[in-house]
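K.L.:
Letter by letter, the sequence shown follows residues 0 to 411 of numbering that gives the first Met the number 0.
Here a beta-carbon is modelled for each residue, glycine too, at the ideal position from N, C-alpha and C.
Mind looking over this structure? Questions follow.
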Amino acid sequence: MARLKFGAFLAPHHPIGEHPLLQFRRDLDFVQQLDELGYDEFWCGEHHSSGWEMIASPEMFLAAAGERTKRIKLGTGVISLPYHHPYNVAQRMVQLDYMTGGRAIFGSGPGALASDAHTLGIDPMTQRDRQDEAIAIIRRLFNGERVTAKSDWFVMNDAALQILPLQEDMPFVVASQISPSGMTLAGKYGIGIISLGSMSTQGLMALPQQWQFAEDAAKKAGTTVSRSNWRVLLSWHIAETREQARREAGAGLMRWHNEYNVGTLMRPGLTAFSSPDEAVDKTAFVEGAASTIGTPDDLVKMIKNLVQVSGGVGTIVGFAHDWANPENTRRSWDMVARYVIPEINGFIEPLRKSQKFVIENRAIFERAGQAVMAKIMENDKAAAALAHTGPGRVAIPTVNAPDLQEAAKRKA
């Protein structure tokens with residue numbers, strides 16, 4: 000199996016109450032931590048209302064993150080294309096690509112919050128078609144074309160970019176949630192996908208069904224889509240034990256669900272949780288859950304199941320949240336990097352095989368101990384010292400050392 004990449008998706012979803020200045024700084028610290036831990040990608044979104052999601056310009060945030068990181072890819076997750084003139088989006092993405100040294104990923108969507116569209120006077124019925132139209136224009140601009148275009152929402156006259164992206168082929172990614180539109184766009188243009196919906200086993204949000212939308216659109220358009228460019232979002236909070244993870248995440252998860260999903264967005268079909276335990280149980284311990292609150296082994300099991308059910312994906316993206324306090328949240332992401340990623344990608348298996356080989360072939364290596372004993376017995380003083388040699392007299396066990404106590408008994 001091809002190795003999976005891992006990333007983080009910061010919408011962001013932050014409870015109202017913390018100083019915005021400090022929150023921005025903490026989010027930048029988080030990106031730096033992910034870079035140091037070896038994560039492959041970081042994503043942040045664009046929102047203009049709701050109180051909980053306060054990054055209005057992902058490009059601006061990612062430019063700052065680029066100055067504090069070295070290798071992690073930085074994705075706009077996402078730019079809401081109907082909110083912007085396509086030419087301005089193209090220019091900003093090119094500038095971001097240069098400012099991050101060729102680490103930018105261009106992620107786009109139609110706009111997730113109805114309140115944002117209302118603020119800008121945009122009819123929600125037009126948003127997905129406008130995203131499609133903008134992607135086509137931006138791709139042409141990235142290819143160095145001079146574009147003249149007139150739409151009901153933008154005009155371009157002999158427009159060409161002064162500089163092209165630093166990357167020869169900057170990754171294009173579209174967000175997909177419930178409707179087929181995101182997957183269909185990915186198939187139409189042969190570009191990447193980040194699936195932000197749930198992991199239901201059937202229906203519209205089932206991963207195999209979602210992928211079928213992309214493949215059908217690709218076949219119709221004469222393009223191809225690759226599972227290596229498919230990113231799927233999961234949520235997790237990881238600790239040493241399930242009980243600890245539950246204790247750390249329960250209250251924050253309940254607040255996020257009750258105050259944001261139910262109280263602010265008023266999402267259809269959702270009801271408030273009555274306790275932190277109910278929040279954890281109904282989020283992470285129901286059939287088809289896309290969230291893990293538990294140990295590294297629990298998340299490994301979840302990811303392996305996702306790969307099997309979906310047929311294969313390229314990147315697992317973790318949803319960044321404030322279910323736990325900052326210290327426990329940082330430790331959760333650290334544990335995923337230390338124990339989950341290497342287990343999923345097979346980095347640990349060769350070490351286990353090496354250990355097993357040494358254990359199972361001990362007889363082969365006994366000659367090394369015999370060689371040490373032979374040298375001891377050649378020296379009268381060393382041989383006499385055997386009687387006074389016992390365990391625990393050295394800081395660490397000596398490699399290839401024979402059983403000195405047993406040898407002393409035989410000599411006596």
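Expressed to the nearest angstrom, what Euclidean distance is found between the alpha-carbon atoms of residue 377 and residue 364?
P.N.:
For this step, residue 377 is matched to residue 378 along the sequence shown. For this step, residue 364 is matched to residue 365 along the sequence shown. So the two alpha carbons sit approximately 21 Å from each other.
K.L.:
By how many angstroms is the C-alpha of residue 129 removed from the C-alpha of residue 45?
P.N.:
Translated into the one-based positions of the sequence shown, residue 45 becomes position 46. Translated into the one-based positions of the sequence shown, residue 129 becomes position 130. Roughly 17 Å separates the two Cα atoms.
K.L.:
Could you check whether residue 217 and residue 181 sit closer than 7 Å to each other, using their CB atoms as the reference points?
P.N.:
Start at 1 with the first residue of the sequence shown, and residue 181 comes out as number 182. Start at 1 with the first residue of the sequence shown, and residue 217 comes out as number 218. Against a cut-off of 7 Å, the Cβ pair of residue 217 and residue 181 comes out as no contact.
K.L.:
So does the region 65-78 actually touch the region 343-356, counting three or more Cβ pairs closer than 8 Å?
P.N.:
The answer is no - the region 343-356 does not touch the region 65-78, with fewer than three Cβ pairs under 8 Å.
K.L.:
For the beta strand (DSSP E) that residue 174 lies in, which residues bound it at each end?
P.N.:
What you label residue 174 is simply residue 175 of the sequence shown in a count that begins at 1. Start and end: 171-175.
K.L.:
Since I believe residue 91 is in contact with residue 58 (beta carbons under 8 Å), could you give me their beta-carbon distance rounded to a whole number of angstroms?
P.N.:
In the sequence shown, residue 58 corresponds to position 59, counting from 1. In the sequence shown, residue 91 corresponds to position 92, counting from 1. That belief holds up - the Cβ atoms of residue 58 and residue 91 are roughly 5 Å apart, short of 8 Å.
K.L.:
Hey, could you find the ends of the beta strand (DSSP E) residue 146 is sitting in?
P.N.:
Mapped onto the sequence shown, residue 146 falls at position 147. 146-149 is the span of the beta strand (DSSP E), which, as asked, contains residue 146.
K.L.:
On the DSSP letters alone, give me the boundaries of the beta strand (DSSP E) that residue 74 sits inside.
P.N.:
Start at 1 with the first residue of the sequence shown, and residue 74 comes out as number 75. Run containing residue 74: 72-75, per the beta strand (DSSP E) assignment.
K.L.:
So the candidates are 241, 50, 207 and 237; which of them puts its Cα closest to the Cα of residue 226?
P.N.:
One-based indexing of the sequence shown puts residue 226 at position 227. The residue with the shortest Cα to Cα distance from residue 226 is 207.
K.L.:
According to DSSP, is residue 214 helix, strand or coil?
P.N.:
By 1-based counting over the sequence shown, the position of residue 214 is 215. Three-state DSSP puts residue 214 in a helix.
K.L.:
Which of the three DSSP states is assigned to residue 18 in this structure?
P.N.:
As a working note, residue 18 is residue 19 in the sequence shown. In the structure shown, residue 18 sits in coil (DSSP, three-state: anything other than H, G, I, E or B).
K.L.:
Would you kindly check if the distance between the Cβ of residue 112 and the Cβ of residue 194 is under 7 Å?
P.N.:
Counting from 1 along the sequence shown, the entry for residue 194 is found at position 195. Counting from 1 along the sequence shown, the entry for residue 112 is found at position 113. Taking 7 Å as the Cβ cut-off, residue 194 and residue 112 do not qualify as a contacting pair.
K.L.:
Between the alpha carbons of residue 256 and residue 144, how many angstroms are there, rounded?
P.N.:
Reading the sequence shown from its first residue, position 257 is the one you call residue 256. Reading the sequence shown from its first residue, position 145 is the one you call residue 144. Taking the straight line joining both Cα atoms gives about 46 Å.
K.L.:
Return the residue from the list 247, 165 and 234 that minimises the CA-CA distance to residue 103.
P.N.:
What you label residue 103 is simply residue 104 of the sequence shown in a count that begins at 1. Checking every option, the nearest Cα to that of residue 103 belongs to 165.
K.L.:
Count the other C-beta atoms from every protein chain shown that fall within 10 angstroms of the C-beta of residue 357, then say buried if there are 16 or more, exposed otherwise.
P.N.:
By one-based count along the sequence shown, residue 357 stands at place 358. Result: exposed.
K.L.:
Pull up the CB-CB distance for residue 29 and residue 340, whole angstroms please, since I reckon it's below 8 Å.
P.N.:
Residue 29 sits at position 30 when you count from the first residue of the sequence shown. Residue 340 sits at position 341 when you count from the first residue of the sequence shown. Wrong, their Cβ atoms sit about 17 Å apart, outside the cutoff.
K.L.:
Which residue marks the beginning of the alpha helix (DSSP H) containing residue 187, and which one marks its end?
P.N.:
Position 188 of the sequence shown, counted from the start, is the residue given in the question as residue 187. From DSSP, the alpha helix (DSSP H) with residue 187 extends over 180-188.
K.L.:
Hey, could you find the ends of the alpha helix (DSSP H) residue 40 is sitting in?
P.N.:
Working through the sequence shown from its first residue, we reach residue 40 at position 41. Premise fails: residue 40 lies in the beta strand (DSSP E), 40-43, not in any alpha helix (DSSP H).
K.L.:
Once DSSP output is grouped into helix, strand and coil, what is the label at residue 335?
P.N.:
As a first step, residue 335 must be located in the sequence shown, where it is residue number 336. It is helical.
K.L.:
Which partner residues of residue 103 appear in the DSSP bridge assignment?
P.N.:
Residue numbering aside, residue 103 sits at position 104 when the sequence shown is read from its first letter. Looking at the DSSP assignment, residue 103 forms a beta bridge with 73.
K.L.:
Going by beta-carbon coordinates alone, are residue 318 and residue 203 separated by less than 7 Å?
P.N.:
Within the sequence shown, the letter at position 319 stands for residue 318. Within the sequence shown, the letter at position 204 stands for residue 203. No, the Cβ-Cβ distance between residue 318 and residue 203 is not below 7 Å.
K.L.:
Going by the DSSP bridge assignment, what does residue 78 pair with across the sheet?
P.N.:
Here residue 78 refers to the residue found at position 79 of the sequence shown. According to DSSP, which records beta bridges pairwise, residue 78 is partnered with 107.
K.L.:
Taking residue 5 as part of the alpha helix (DSSP H), name the residues at either end of that continuous run.
P.N.:
Numbered from 1 along the sequence shown, position 6 holds the residue referred to as residue 5. Counting along the chain, residue 5 falls outside any alpha helix (DSSP H), though it belongs to the beta strand (DSSP E) covering 4-9.
K.L.:
Can you look up residue 229 in the DSSP assignment and give me helix, strand or coil?
P.N.:
Translated into positions along the sequence shown, residue 229 becomes position 230. Strand at residue 229.
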